[in-house]
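The next block holds one structure in the form of structure tokens; read it before the comments.
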Ligand SMILES: Cc1cc2nc3c(=O)[nH]c(=O)nc-3n(C[C@H](O)[C@H](O)[C@H](O)COP(=O)(O)OP(=O)(O)OC[C@H]3O[C@@H](n4cnc5c(N)ncnc54)[C@H](O)[C@@H]3O)c2cc1C
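See below:
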């Protein structure tokens, strides 16, 4: 059914990102009546493949099938015949001036990097919940690389990331790039799921018999509601729950805020890098840890520059032109002014400014990792919660979001039957 038409549904799903779509697909399979309400003018949320800006697919959000061998989205890709690169993209590092690290320099850096990483994980394994920066050696030559990895993975500085949360993330070290976009893959998997776009939910009213979900286009009565919005959306009270959400739920949302990560994409005639393969390149940026640049993804004449943590938030606040210029400048500083004439147009994401998302992905604050578990717990067996941050070990990912939606749908189905 659609909003504005009379009648009840079994379940209202709020949000058409990976989690909401995962929930909806499970409800559809179970033959239930449901409606998916989405605030934006497109489905997918943080899974968004944009093929129009550069004439080639660009993922502004998720791009990598993380933990690919145990990732259900990879299985869907196989079933649908959707192509991905089933091996690691090689990574390289360059210093200012453009000299690429030799293989032995790179390997030596990785040994130092692994030692830092292991120090963080070992504290987490012992149940210690402190900032990552408390247990790693900041004087290590690999600390900059470590900081930039933490910022890419968590969207925060090591001082703001919990050791216990970090060790809980399940990583098989298989990160496979989806050729025509992960956002497009998600929409292909979710095709046939009806979604009401441009329909932000304003209020969720719980009464004795069920829930009433209120939008500007009307209200819907349902037995239960599945809420898939980000922790920042919950924390800011952008949906008015009546009665209000319990303190423990709000505390959990505040304990796992979204960090900042963004991408700047530039058109580049990449022959001028001297790199002719699809690779992942770390380049220096003054005053910040390294930027991670995808060069020639799938042979396309673009670079995608990943920025995380404070520099991402700062450039986002300064506006797209500032972010694009920072990306351009980082490339020119590394590869020389000769590259300037070979860089074309640019564009930048601004996930923190997206009013119905407000950031990149959730990271538990040091000392509060155990509160993440409360994010997934239902309220009154009528309001069920999903979303990437609710997954116990695949948080921060698209597949984790999808699986959390399936879990929330199973919980809602249990009360319907
Ligand atoms: C830069 C970046 C890179 C990333 N890279 C990867 C990667 O390589 N691999 C990976 O697996 N993951 C990656 N991720 C993470 C992944 O994209 C997310 O974890 C996942 O897409 C989140 O899905 P979700 O459904 O939990 O949330 P969302 O995608 O945020 O979906 C929630 C939806 O709810 C809607 N909504 C909010 N409020 C309302 C309301 N009041 N009414 C109706 N609708 C509402 C929102 O508009 C949104 O569409 C990346 C994310 C970013 C930002």
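In the working numbering, the protein residues as written are 7 to 423.
Every residue gets a Cβ at the ideal spot worked out from N, C-alpha and C, and that includes glycine.
Cβ shell of residue i (< 7 Å), same chain only, five flanking positions each side left out
| i | result |
| --- | --- |
| residue 25 | 234, 392, 393, 394, 407, 408, 410, 411 |
| residue 251 | 385 |
| residue 423 | none |
| residue 399 | 174, 175, 176 |
| residue 342 | 104 |
| residue 304 | 185, 284 |
| residue 119 | 148, 151, 152 |
| residue 169 | 126, 129, 130, 134, 135, 136, 138, 141 |
| residue 132 | none |
| residue 31 | 196, 199 |
Contact under 7 Å by Cβ, residue i with residue j
| i | j | result |
| --- | --- | --- |
| residue 149 | residue 68 | no |
| residue 381 | residue 396 | yes |
| residue 266 | residue 161 | yes |
| residue 180 | residue 310 | no |
| residue 6 | residue 156 | Residue 6 cannot be examined here, being either before or after the span of the chain that is shown, 7 to 423. |
| residue 139 | residue 165 | yes |
| residue 84 | residue 373 | no |
| residue 322 | residue 356 | yes |
| residue 212 | residue 238 | no |
| residue 177 | residue 73 | yes |
| residue 62 | residue 286 | no |
| residue 171 | residue 375 | yes |
| residue 201 | residue 49 | yes |
| residue 185 | residue 123 | no |
| residue 278 | residue 302 | no |
| residue 141 | residue 125 | yes |
Own chain partners of residue i with C-beta closer than 6 Å, once the 5 adjacent residues on each side are dropped
| i | result |
| --- | --- |
| residue 338 | 345, 346 |
| residue 405 | 77, 78, 79 |
| residue 88 | 191 |
| residue 314 | 157, 158, 161, 267 |
| residue 326 | 354 |
| residue 319 | 266 |
| residue 281 | 301 |
| residue 21 | 234, 235 |
| residue 12 | Residue confidence for residue 12 is low, a pLDDT of 44 falling below 50, so the modelled location carries little weight; the figure read from the coordinates is stated next. If we look at residue 12 and ignore the five residues flanking it on each side, it has no Cβ neighbours. |
| residue 86 | 194 |
| residue 163 | 315 |
| residue 55 | 63, 65, 187, 189, 190 |
Proximity to residue i [Cα-Cα], best of the options
| i | options | result |
| --- | --- | --- |
| residue 328 | 308, 63, 342, 352 | 352 |
| residue 236 | 252, 62, 316, 358 | 358 |
| residue 183 | 383, 369, 70 | 70 |
| residue 65 | 270, 305, 199 | 270 |
| residue 195 | 81, 416, 326, 363 | 81 |
| residue 416 | 403, 215, 390, 86 | 390 |
| residue 129 | 167, 55, 343 | 167 |
| residue 214 | 249, 301, 21, 133 | 249 |
| residue 219 | 199, 246, 302 | 246 |
| residue 198 | 403, 421, 41 | 41 |
| residue 340 | 383, 255, 112, 292 | 292 |
| residue 276 | 306, 294, 253 | 306 |
| residue 364 | 113, 59, 244 | 244 |
| residue 255 | 30, 111, 55, 383 | 383 |
| residue 60 | 294, 274, 360 | 274 |
Nearest-angstrom beta carbon gap, residue j and residue i [assumed within contact, 8 Å]
| i | j | result |
| --- | --- | --- |
| residue 217 | residue 225 | In fact, because the Cβ distance is near 10 Å, the residues do not count as touching under 8 Å. |
| residue 53 | residue 203 | Rounded, the Cβ-Cβ distance is 15 Å, inconsistent with contact. |
| residue 43 | residue 207 | 5 Å |
| residue 316 | residue 102 | Incorrect: roughly 21 Å between the Cβ atoms, too far for contact. |
| residue 413 | residue 231 | Residue 413 to residue 231, Cβ: 15 Å. No contact. |
| residue 241 | residue 46 | Wrong, their Cβ atoms sit about 19 Å apart, outside the cutoff. |
| residue 19 | residue 39 | Actually they do not touch by this definition, with Cβ atoms about 12 Å apart. |
| residue 354 | residue 268 | 6 Å |
| residue 23 | residue 51 | 3 Å |
| residue 401 | residue 368 | 6 Å |
Beta-carbon proximity list for residue i, same chain, < 8 Å, skipping 5 on both sides
| i | result |
| --- | --- |
| residue 272 | 308, 309, 311, 330, 333, 334, 337, 349, 350, 351, 352 |
| residue 377 | 257, 258, 261, 262, 370 |
| residue 288 | 97, 98, 99, 100, 151, 154, 296, 297, 298, 299 |
| residue 107 | 98, 99, 100, 101, 115 |
| residue 222 | 205, 206, 208 |
| residue 34 | 40, 198, 199 |
| residue 421 | 229, 230, 387, 388 |
Chain D within 7 Å of residue i, Cβ atoms only
| i | result |
| --- | --- |
| residue 250 | Absent from the structure: chain D. Only one protein chain is present. |
Inset, instruction - Identify every run of the alpha helix (DSSP H) within the segment 9 to 79, keeping only runs that are complete inside it and at least 4 residues long; order them along the chain. - result: Those alpha helix (DSSP H) runs which fall completely within the segment 9 to 79 and span 4+ residues are 24 to 35.
Inset, instruction - Jot down the residue ranges of each uninterrupted beta strand (DSSP E) in the segment 322 to 400, minimum 3 residues, whole runs only, in chain order. - result: DSSP assignment within the segment 322 to 400 yields the following whole beta strand (DSSP E) runs of 3 residues or more, N-terminal first: 349 to 354, 389 to 391.
Inset, instruction - Within the segment 196 to 235, note down every full beta strand (DSSP E) run reaching 3 residues or more, in order along the chain. - result: List check, beta strand (DSSP E) in window: 207 to 213, 216 to 221, 224 to 233.
Inset, instruction - Could you name each continuous beta strand (DSSP E) segment of 3 residues or more that falls completely within the segment 232 to 292, going from the start of the chain to the end? - result: Taking only runs of at least 3 residues, the beta strand (DSSP E) segments lying wholly in the segment 232 to 292 are 246 to 248, 267 to 274, 285 to 291.
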